[in-house]
Each structure stands twice: as C-alpha cells, then as structure tokens.
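Participant: Take the sequence shown: its position 66, counted from the start at 1, is 66 in full-length UniProt numbering, and no numbers get skipped.
Structure in structure tokens, see below.
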Amino acid sequence: QRLFKYPGIGLLVVTGGEAVVEAARKHTNKRLIAAGAGNPPVVVDETADLPRAAQAIVKGASFDNNIICADEKVLIVVDSVADE
C-alpha cells in the first residue's frame with residue numbers, strides 16, 4: 001500500500017486476483033494498469049538495459065512454452081525506446 005501512495009510513482013501496473021486489483025484501485029488515485037489474474041504485462045522504459053531486457057523477456061516467455069499464467073504475454077514499451 002505504501003507504493004500506491006509513493007510520490008515518485010506516477011503509474012502502477014498491478015496483476016493478481018480480483019482482490020488485489022480492487023485493493024490497488026481503492027488505495028490510489030494514480031494511473032493504473034490492472035491485468036487481473038495472471039498474464040502480467042512487461043513494461044520496458046528508457047531506463048532498461050535493452051539487450052538484457054530482450055533476452056530476459058524471450059527466456060521467460062519461452063522456457064516453459066509460455067503456458068503458465070505468469071509468463072510474458074503482453075509487452076508495453078514506452079515510445080522513447082520502441083524503435084530500438
């Protein structure tokens with residue numbers, strides 16, 4: 001809950017069951033991306049080590065044939081690094 005109110009955070013990306021998502025909505029007025037149960041998004045921004053991030057995303061999504069709910073299925077890349 002402290003992260004929901006932390007002033008240095010402008011956007012929250014939350015995944016989990018209905019109770020987790022509702023708690024996030026209830027405890028913050030920040031922008032919120034709520035993925036619901038399973039399938040959490042991967043967010044890549046300008047602070048990322050892009051080659052390392054790419055390798056980790058591919059490894060994470062492919063090591064078990066992408067069948068479990070926590071595998072990388074959604075990728076959000078900020079505009080400033082999207083073309084890299």
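C-beta atoms are modelled at their ideal positions from N, C-alpha and C, and glycine is treated no differently.
1) Going along the chain, which unbroken runs of the alpha helix (DSSP H) with 4 or more residues stay wholly within the UniProt domain "Aldehyde dehydrogenase" (2 to 84)?
2) Among the candidates Val43, Asn39, Gly8, whose CA atom is the shortest distance from the CA of Leu75?
3) If you pair each beta-carbon of the segment 48 to 60 with each one of the segment 4 to 23, do three or more pairs fall below 8 Å?
4) Just the C-alpha distance for Asp64 and Lys5, rounded to the nearest angstrom, thanks.
5) Taking buried to mean at least 16 other C-beta atoms within 10 Å of its own C-beta, is Pro40 buried or exposed?
6) Have a look at Ile33 and Gln55 and give me their C-alpha separation to the nearest angstrom.
Facilitator: Judging by the given coordinates:
1) 2 to 5, 18 to 27, 50 to 62, 79 to 82
2) By one-based count along the sequence shown, residue 75 stands at place 75. The shortest Cα separation from Leu75 among Val43, Asn39, Gly8 belongs to Val43.
3) no
4) Position 64 of the sequence shown, counted from the start, is the residue given in the question as residue 64. Position 5 of the sequence shown, counted from the start, is the residue given in the question as residue 5. If I take the Cα positions, the gap works out to 36 Å.
5) Numbered from its first residue, the sequence shown carries residue 40 at position 40. With 16 or more Cβ atoms within 10 Å of its Cβ, Pro40 is classed as buried.
6) In the sequence shown, the residue the question calls residue 33 occupies position 33. In the sequence shown, the residue the question calls residue 55 occupies position 55. Each residue's Cα considered, the two are about 24 Å apart.
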